[in-house]
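Residue numbers (the numbering used here): 179 to 358.
The following block contains the structure:
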């Protein structure tokens with residue numbers, strides 16, 4: 179088995195530039211929510227291919243990773259022909275799971291359009307069951323996590339969905355100075 183540990187990872191990983199397609203625009207005149215996940219998915223594939231979890235991993239080793247849980251927040255509209263890049267930060271991993279945080283940013287102006295926190299499971303494609311990562315992938319994840327651990331903890335990490343009550347809003351305002 180080939181052992182391939184990258185020399186370094188960018189922190190955070192930054193995807194290639196992607197353009198909002200005309201077919202992705204909904205009747206509100208902005209990118210439909212489903213296509214934010216297309217951008218996130220493309221960036222996950224780019225980022226995790228660096229640790230060895232790309233298409234060739236599926237072909238050669240008959241394993242892959244599946245999304246198990248996703249939490250997305252939409253911050254600002256993307257419109258037709260906008261260009262975006264996605265950052266990916268590996269938050270944690272264990273023998274079978276990867277926990278990560280992503281932001282879609284406008285490629286020219288840098289503002290955040292959406293955030294996503296995800297948990298993916300490593301899957302044996304022949305049995306379709308969750309299984310441990312091989313040693314070389316675990317070693318690559320360790321390098322990536324060490325590099326990404328230098329980044330600040332994302333503010334939206336672990337966020338709970340719900341309608342905040344007045345006291346919670348006041349507390350959040352005094353803590354952060356912003357309100358959603």
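Ideal placement from N, C-alpha and C gives every residue a C-beta, glycine not left out.
Straight-line gap, residue i to residue j (C-alpha atoms, nearest Å)
i           : j           : result
residue 252 : residue 221 : 17 Å
residue 298 : residue 349 : 33 Å
residue 235 : residue 241 : 7 Å
residue 292 : residue 312 : 32 Å
CB of residue i within 8 Å of CB of residue j, strictly
i           : j           : result
residue 301 : residue 218 : no
residue 190 : residue 266 : yes
residue 195 : residue 263 : yes
residue 278 : residue 323 : no
residue 326 : residue 294 : no
residue 257 : residue 308 : no
residue 284 : residue 198 : no
Residue span of the beta strand (DSSP E) that contains residue i, given as start and end
i           : result
residue 290 : 290 to 302
Residue i, buried or exposed, once every other Cβ within 10 Å from all chains shown has been counted against 16
i           : result
residue 318 : buried
residue 338 : exposed
residue 185 : Confidence is the limiting factor: at residue 185 the pLDDT is only 48, short of 50, which leaves the residue's position unreliable and the question unanswerable from this model.
residue 343 : exposed
Start and end residues, alpha helix (DSSP H) containing residue i
i           : result
residue 378 : Limits of the chain in this structure are 179 at one end and 358 at the other, which puts residue 378 out of reach.
Which parts of the region 188 to 252 are runs of the alpha helix (DSSP H), unbroken and 4 residues or longer, counting only runs that do not cross its ends? Complete alpha helix (DSSP H) runs here, min 4: 211 to 227 and 233 to 239.
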